[in-house]
Amino acid sequence: MKKLISYVTVFLLVCSTVTVFLGQPSQRVHAAKNSNVKEFNVEEFFNDKNGTFVLRDIKTGKTLFYNKERAQTRFAPQSTFKIPNSLIGLQVGAVRDEYDIKYWDGEKREIEEWNRDHTLGSALRYSVVWYYQEMARDIGNDRMKDWIEKISYGNKDISGRIDQFWLSSSLRISPLEQVNFIEKLYKEELPFDLDVMRTVKRMMVQKEGRNYTIHAKTGQGNELGWYVGYVEREGHDYAFAVNLEGTSAEAKRITEKVLQKYELIASNNS
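Each residue of the sequence shown is one higher than the last, beginning at 16 in my numbering.
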């Protein structure tokens, strides 16, 4: 185990000059000019699609980029916004807990799993858009705007409809900003109650293997796929964001392949 962690740590130290900072809301997010972004070459996993991968060692703060320009570019968060939406909904009491049920309205939707009653936990697991739209309406525009400002989420623009602004609408966030947000959630440094953050982190569990756990969320738009989260590996943990012109399933697959390449998770053959 120590050998695996040392392997990745040494690789990250190659990029020890990496520093990052956020620009104003209307600007891109920039990495320092001397950052060694080319050192992190995972192009082989993207199959010629335009995409980016950001990986941060949470313990050391060292950050690696593939395709720096796209990593700094803002996109609609799509269903990755279910992470902050869950945090805000729990914090303000729009839902009581992860078991709070909302009842299906009977309208048939394109994804069969959506066509039933859901709890907050199952709605996150199956990415049930109608549940989160209803919760956003219960949160309301004023409280939503206030909390988006507090957590400084992307461009902080919720001028689109209260139940649409994160879905190819006004809200935008870059992959780098996603990693910054995920890191704060992991460290429990966001301005939410501890039990709220811990509930959402628990709900985000996507995959558990020998000696590792992936907490993450997909997002899907028109020619836009996201996978953001963090991987826990015996106290040495990493935040990540993948974004590409493709599907969320592709983003998830790429993430797992890259984490396997750098031995942060076991390969499927292990």
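Using N, Cα and C, we set each Cβ at its ideal position, and we do this for glycine too. Just so you know, these numbers come straight off a predicted model, no measurement behind them.
Query raised in the report: Pick from Ala231, Glu198, Pro206: whose alpha carbon is nearest that of Ile73?
Result: Residue mapping note: residue 73 aligns to position 58 of the sequence shown, counting from 1. Answer by Cα proximity: Glu198.
**Report entry** For Tyr253, three-class secondary structure by DSSP
**Finding:** Here the question's residue 253 lines up with position 238 in the sequence shown. Reduced to three states, the DSSP call for Tyr253 is strand.
Requested in this report: Kindly indicate which three-state DSSP category Arg176 falls into: helix, strand or coil?
Outcome: For the purposes of this step, residue 176 is taken as the residue at position 161 of the sequence shown. Residue state, collapsed to three classes: coil.
**Report entry** Start-to-end residues for the alpha helix (DSSP H) that takes in Ile103
**Finding:** By 1-based counting over the sequence shown, the position of residue 103 is 88. Run containing Ile103: 97 to 107, per the alpha helix (DSSP H) assignment.
Query - Alpha carbon of Glu84 to alpha carbon of Tyr242, nearest angstrom - result: Locating residue 84 in the sequence shown gives position 69, where the first residue counts as 1. Locating residue 242 in the sequence shown gives position 227, where the first residue counts as 1. Spanning the alpha carbons of Glu84 and Tyr242 requires a straight line of approximately 18 angstroms.
Query raised in the report: Does DSSP put Ile20 in a helix, a strand or coil?
Result: Walking along the sequence shown from the start, residue 20 turns up at place 5. In this prediction, Ile20 scores a pLDDT of 48, lower than 50, which makes its location untrustworthy; the coordinate-derived value is nonetheless stated afterwards. In the structure shown, the three-state DSSP call for Ile20 is helix.
Query - Assumed close pair Glu128, Tyr141 - CB separation to whole angstroms, cut-off 8 angstroms - result: Residue mapping note: residue 128 aligns to position 113 of the sequence shown, counting from 1. Residue mapping note: residue 141 aligns to position 126 of the sequence shown, counting from 1. Glu128 to Tyr141, Cβ: 4 angstroms. Contact.
**Report entry** Backbone secondary structure at Asp161 - three-state DSSP
**Finding:** One-based indexing of the sequence shown puts residue 161 at position 146. Asp161: helix per DSSP, three-state reduction.
Requested in this report: State whether the region 204 to 215 contacts the region 99 to 111, with contact taken as three or more CB pairs (one from each stretch) at a distance under 8 angstroms.
Outcome: Touching, yes.
Query raised in the report: Taking just the CA atoms, how far does Gly76 sit from Ile163?
Result: Here residue 163 is taken as the residue at index 148 of the sequence shown, counted from 1. Here residue 76 is taken as the residue at index 61 of the sequence shown, counted from 1. So the alpha carbons of these two residues sit roughly 24 angstroms apart.
Query - Thr134, DSSP secondary structure in three states - result: Residue numbering aside, residue 134 sits at position 119 when the sequence shown is read from its first letter. If DSSP states are grouped into helix, strand and coil, Thr134 belongs with the strands.
Query - Secondary structure of Thr88, DSSP reduced to three states - result: Looking up residue 88 in the sequence shown gives position 73. In the structure shown, Thr88 sits in coil (DSSP, three-state: anything other than H, G, I, E or B).
Report task. Spell out a yes or no on whether the region 178 to 189 and the region 87 to 103 are touching, meaning 3 or more CB-CB pairs, one atom from each, closer than 8 angstroms. Result -> Here the region 178 to 189 makes contact with the region 87 to 103; the two share three or more CB pairs at distances below 8 angstroms.
Report task. Let me know the secondary structure DSSP gives Tyr201 once reduced to three states. Result -> Stepping through the sequence shown from its first residue, residue 201 is reached at position 186. In this structure, Tyr201 counts as helix in the three-state DSSP scheme.
**Report entry** Status (buried if at least 16 other CB within 10 Å, exposed otherwise) for Gln39
**Finding:** Here residue 39 corresponds to residue number 24 of the sequence shown, with the count starting at 1. Note that Gln39 scores a pLDDT of 36, beneath 50, so its modelled location is shaky and nothing firm can be said.
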